[in-house]
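Sequences listed follow chains F and Z, in order.
All residue numbers in the first sequence are consecutive under my numbering, ending with 398.
All residue numbers in the second sequence are consecutive under my numbering, ending with 1196.
Just below is one structure, and these are the notes that go with it.
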Amino acid sequence: MSHFFTYAILTATIASGIQYTAPFLLAALGETLGQRSGVLNLGVDGIMLLGAFSTYYVAYRTGDLGLALVAGLATGAVLGLLTAFMSVTLNAEQGISGIGVYILALGLTDLLFVKLVGTPTPIKPLMGLDIGLLDRIPAVGRMFFHQNALIYVAFLLVPVLGFVLYRTTYGTKVLACGENPAAADSLGINVHRIRYSAVIAGSTMAGLAGATLLINYGIFQENLTQSAGFIAVALVYFGAWKPGGVMAGSLLYGIVTAVIFQWKSLGIIPVSDADLAATAPAVITVLALLSVGRRFRQPSALAKPYVRGA
Amino acid sequence: MVAKGPGDAPVVLEMQGITKRFPGVLANDHVDFDVRSGEVHTLFGENGAGKSTLMSILYGLHRADEGVTLLDGEPVTIGSPAEAIRLGIGMIHQHFMLVPTLTVAENVSLGLASTRGPLKDTRRVSQRIEELSSAYGIRVNPAAAVWQLSVGERQRVEIIKALYREARLLILDEPTAVLTPGEVDDLFRVLAQMRSDGRSMVFISHKLREVLALSDRITVLRAGRNVGTVLPAEVSEERLAELMVGRHIGAERPSPQGPSPAGEALLRVRDLVVRGDRGADTVTGVSLDVRAGEIVGIAGVSGNGQRELAEAIACLRSPSRGTIRVGGVDLAGRNAAGARRAGLGFVPEERMRDGVIGDFSVSENLMLVDAAKAAFSRWGFLRGRSIRSYCAERVSTFDVRTPGLETPTRNLSGGNIQKLILARELSGNPKVLLVAQPTRGIDVAATRYIHERLREQARKGIAVLVVSEDLDEVINLADRILVMYEGRIIGEAGARTTTREALGLMLAGVAAAPAGAAAGSSAG
Ligand SMILES: Nc1ncnc2c1ncn2[C@@H]1O[C@H](COP(=O)(O)OP(=O)(O)OP(=O)(O)O)[C@@H](O)[C@H]1O
Ligand SMILES: [Mg+2]
């Protein structure tokens, strides 16, 4: 292979890796926010799936991508409200209620897909957005600065979430509710309200993650997420509940996925091993992250409902 | 009401006919209670008498079933802490209410509006904290993370939190239980200053000495009822203890001082070095023996390595050097269960964290250790009936006051949780019993009861090691006192030949007296 060829493949791989990363990153950042407030949301994958479907459906009906995105976000918010109602108001066992939301969203998506769409057709793609002149920088420009707007949003949310958590009074309240809700309550903070807001905002991000996934694919299909939401939950743990850590994990996952895909299409991995190779991103990421992770403590009140005076 | 407060200051708070029921318990039974402006009004009473419950109602954490609360003569309903704070009420809780991962400044300003809108105003908050800390002589570093602070420092943060919110009525629920004598003096100085600012305080403590020294009035609760209000000048320690339990209990008789028991050394510690949480060695070469039938006390100001020493002996923390033997068995490489099998009974300092599982019932907690034993399980299944009768027997022998065996343990009062742990730890007939802070936060009567139980164990030939920051306790209980300072044993005193004052000096590392007699004679 010529140098030029290798080079082109490399940039293309990284560019698509970044694209793969975005949905994981969005979902994991949303989950980070919820967990920092003390709520474990295991329904992310379902929220992503239904979010992707509603985005697809609105785009398919109206051709308006903006409207479609709003549908994806709204779906996330509504499912977030449901999750918060079960976890915060009803004090449900959070592992179970999350799986409940997942199953609900999965069933609903399948049902709506069959009833409303049947045979899907592709939606028009969201064009790559060039940022200033940056995309003209050789190689790097193509890799980083010729992505669709949602990809930029995903990466922009990393510092935004960091800022919210560590620099705002709201963030301090979220952290307090996740570590010691009784202390927060004793200072007059409405623990339930903070947890509701964090879960709804986090789930809205999961809805956006679904929309991003859908737009990357351009068409809806059954089980579009392929458990991406569960991977996102794992990325939160291994990213040590920090936006930067979560981003590093998501990037690793996305790029390994892109590399495997590239190797498959180049025939480096034989077709017979394709299924095995498909599990590689998860395995490699988990191994890599295991080696750095586990030194960090989870929020002390994670998955513990707060009942005053109990 | 017999007593009159300081002068005839106006009444700021009046609680009338407060009643609160929990499942199986009448925690407050038509309690009347009032506080005047600029006074310290103490609530005194047995563990479980309902002191914290009454104050939780005032602070909006619980809702009263009956009764009214008046502030400045106006009836108020306080449905949440947020409302209590708005009304100028502050509370320092029996257990710290801090977020360990946040800084002091973040903890102090948590929940308050910021001058920078949604953004934190760390600089301003820190500035205000500095002002308060110099005005009241409370040393805190606003930038420190709370998890790094000692217990005494955390207590100071709690006080700053209340001052920062300009509380005019401050509830202090056992603020001194975990403080060292010096820290208690500092706290009392701050409280005196707050009182002269015209703030009012409700103070709760089990320590008679403190209660008599600090209070303007003392109200005694017994089994949820107000049994009278007295002035400190009118009562002795003994009379107060009597009021509390409703019968004469007399002064505690210290352990009889016989010749040191010459039994076999059941606990042998040699050259022990243990690393603390922050990476530095906190136990730096400790050797000690505890003989059969002997009670040895380890005295020391908190943070001098006692906790790590106890945890190392209980095999909850591995030592970096040295040996520990229980009845001749080396504990090296064992875990807590292994230490137990070697014959160690352990009552930890952090009862709620290490001693019981709060959500488990009383009987489940009693069975935590014994569950594997043959009498209670068959082929791995627990046998309900024999467990119930065994637990009922334990609960009554150790006078654990609980509505039932199935009550979640976290609903018990502090003293009763402690008795529960003792009941469990002593059931296995240990060779060595290690007890950390046996009566922290425990009422006078229960303290005596627990002390009596420990003496009884010693008489049975068990080697008892008591780690305590309470000087009166070690002096009353121990045959020998070892003083720990900066990770070492710096002196030994015979319990009956030393005084509180002499011991206090040794604790501060001042007079590292080699023998008890010398320490005793140096005291005033
Ligand atoms: N949340 C709760 N649920 C059920 N019972 C409770 C609860 N809180 C307290 N109780 C019970 O109410 C009674 C009064 O408890 P409270 O905590 O007010 O006692 P206290 O006087 O503060 O005791 P201590 O000196 O040990 O702190 C006790 O019998 C206790 O077991
Ligand atoms: Mg109490």
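We put the beta carbon where it would ideally sit given N, CA and C, even for glycine.
Whole-angstrom distance between residue j and residue i, CA atom to CA atom
{"i": "Pro208(F)", "j": "Asn311(F)", "result": "14 Å"}
{"i": "Thr741(Z)", "j": "Ile876(Z)", "result": "19 Å"}
{"i": "Val344(F)", "j": "Gly105(F)", "result": "7 Å"}
{"i": "Ala299(F)", "j": "Val246(F)", "result": "18 Å"}
{"i": "Ser992(Z)", "j": "Arg940(Z)", "result": "17 Å"}
{"i": "Arg693(Z)", "j": "Gly739(Z)", "result": "12 Å"}
{"i": "Val962(Z)", "j": "Ala937(Z)", "result": "5 Å"}
{"i": "Thr292(F)", "j": "Thr197(F)", "result": "17 Å"}
{"i": "Leu1038(Z)", "j": "Ile970(Z)", "result": "27 Å"}
{"i": "Pro853(Z)", "j": "Pro772(Z)", "result": "25 Å"}
{"i": "Ser388(F)", "j": "Pro753(Z)", "result": "22 Å"}
{"i": "Ser1199(Z)", "j": "Gly139(F)", "result": "Limits of chain Z in this structure are 673 at one end and 1196 at the other, which puts residue 1199(Z) out of reach."}
{"i": "Leu339(F)", "j": "Val1028(Z)", "result": "43 Å"}
{"i": "Lys352(F)", "j": "Ile97(F)", "result": "13 Å"}
{"i": "Ala913(Z)", "j": "Leu880(Z)", "result": "8 Å"}
{"i": "Arg124(F)", "j": "Gln182(F)", "result": "14 Å"}
{"i": "Lys261(F)", "j": "Val127(F)", "result": "14 Å"}
{"i": "Ser1194(Z)", "j": "Ala1180(Z)", "result": "Interpretation of Ser1194(Z) is limited by its pLDDT of 37, a score under 50 that renders its predicted location unreliable; no figure is taken from the coordinates."}
{"i": "Arg758(Z)", "j": "Ile1122(Z)", "result": "42 Å"}
{"i": "Ala1184(Z)", "j": "Val1155(Z)", "result": "Annotation note: pLDDT 48 at Ala1184(Z) (below 50); position unreliable, no value reported."}
{"i": "Lys330(F)", "j": "Leu685(Z)", "result": "46 Å"}
{"i": "Val907(Z)", "j": "Leu715(Z)", "result": "15 Å"}
{"i": "Leu121(F)", "j": "Val287(F)", "result": "7 Å"}
{"i": "Asn1148(Z)", "j": "Arg925(Z)", "result": "8 Å"}
{"i": "Arg897(Z)", "j": "Pro269(F)", "result": "31 Å"}
{"i": "Ala116(F)", "j": "Leu302(F)", "result": "17 Å"}
{"i": "Arg1023(Z)", "j": "Gln1109(Z)", "result": "10 Å"}
{"i": "Thr787(Z)", "j": "Arg796(Z)", "result": "8 Å"}
{"i": "Phe399(F)", "j": "Ala172(F)", "result": "Coverage of chain F is limited to positions 89 through 398, which leaves residue 399(F) absent and any answer about it impossible."}
Closer than 8 Å at the beta carbon, the chain F residues around residue i
{"i": "Val771(Z)", "result": "Leu263, Ala264, Glu267, Asn268, Ala271 and Ala272"}
{"i": "Ser728(Z)", "result": "Gly397"}
{"i": "His702(Z)", "result": "Under the 8 Å cutoff, chain F gives no residues; its nearest Cβ is about 21 Å from His702(Z)."}
{"i": "Met763(Z)", "result": "Ser274"}
{"i": "Leu774(Z)", "result": "Thr260, Leu263, Ala264 and Glu267"}
In DSSP terms, what residue i is bridged to
{"i": "Ala937(Z)", "result": "Arg963(Z)"}
{"i": "Pro1080(Z)", "result": "Ser1033(Z)"}
{"i": "Asp273(F)", "result": "The partner list for Asp273(F) (beta bridge, DSSP) is empty, contrary to what the question assumes."}
{"i": "Glu746(Z)", "result": "Leu743(Z)"}
{"i": "His734(Z)", "result": "Answer is none; His734(Z) lacks a bridge partner."}
{"i": "Asn700(Z)", "result": "Lys692(Z)"}
For residue j and residue i, believed in contact at Cβ under 8 Å, the rounded distance
{"i": "Thr775(Z)", "j": "Ala815(Z)", "result": "6 Å"}
{"i": "Gln820(Z)", "j": "Leu851(Z)", "result": "At roughly 18 Å, the Cβ-Cβ gap does not stay under 8 Å, so Gln820(Z) and Leu851(Z) are not in contact."}
{"i": "Gly696(Z)", "j": "Pro1075(Z)", "result": "3 Å"}
{"i": "Ala721(Z)", "j": "Arg911(Z)", "result": "So it is not a contact: roughly 17 Å between Cβ atoms."}
{"i": "Val917(Z)", "j": "Ala699(Z)", "result": "About 18 Å; that fails the 8 Å criterion."}
{"i": "Glu1152(Z)", "j": "Gly1163(Z)", "result": "Residue 1152(Z) is actually Arg in this sequence, not Glu. Contact flag wrong, Cβ pair sits at about 11 Å."}
{"i": "Gly890(Z)", "j": "Ala1150(Z)", "result": "It should be pointed out that residue 890(Z) corresponds to Ile in this sequence rather than to Gly. Not quite, the Cβ-Cβ distance comes to about 30 Å (not below 8 Å), so this is no contact."}
{"i": "Thr872(Z)", "j": "Ser709(Z)", "result": "The sequence given here places Ser at residue 872(Z); Thr does not occur at that position. Correct: roughly 6 Å between the Cβ atoms."}
{"i": "Val703(Z)", "j": "Leu730(Z)", "result": "Actually they are not in contact, since the Cβ atoms of Val703(Z) and Leu730(Z) sit about 11 Å apart, beyond 8 Å."}
{"i": "Arg255(F)", "j": "Lys1103(Z)", "result": "Not confirmed; about 56 Å, so no contact."}
{"i": "Gly295(F)", "j": "Leu161(F)", "result": "5 Å"}
{"i": "Arg861(Z)", "j": "Gly809(Z)", "result": "7 Å"}
{"i": "Gly948(Z)", "j": "Gly1133(Z)", "result": "That belief does not hold up - the Cβ atoms of Gly948(Z) and Gly1133(Z) are roughly 34 Å apart, past 8 Å."}
{"i": "Arg283(F)", "j": "Leu733(Z)", "result": "Between Leu733(Z) and Arg283(F) the Cβ distance is about 18 Å, and since that is not below 8 Å, they are no contact."}
Contacts that residue i makes with chain Z (C-beta to C-beta distance below 9 Å)
{"i": "Leu275(F)", "result": "Pro753, Ala754, Ile757, Met769, Asn779, Leu782, Gly783, Leu784, Lys833 and Arg837"}
Partners in chain F for residue i, counting only beta-carbon separations shorter than 7 Å
{"i": "Lys792(Z)", "result": "Arg255, Thr256, Thr257 and Thr260"}
{"i": "Met1024(Z)", "result": "Here the premise fails: no neighbours, minimum Cβ distance about 12 Å."}
Contacts of residue i in chain Z (Cβ-Cβ under 7 Å)
{"i": "Arg396(F)", "result": "Leu733"}
Partners in chain C for residue i, counting only beta-carbon separations shorter than 7 Å
{"i": "Leu821(Z)", "result": "Included in the structure are the protein chains F and Z, with no chain C among them."}
In chain order, which alpha helix (DSSP H) runs of at least 4 residues are fully inside the region 1111-1179 of chain Z? 1116-1131, 1143-1149 and 1172-1179
Start-end ranges of the alpha helix (DSSP H) lying completely within the region 102-136 of chain F, minimum 4 residues: none
In the region 787-874 of chain Z, which residue ranges form an unbroken beta strand (DSSP E) of at least 3 residues, counting only runs that do not cross its ends? As far as the region 787-874 of chain Z is concerned, its whole beta strand (DSSP E) runs of at least 3 residues are 841-845.
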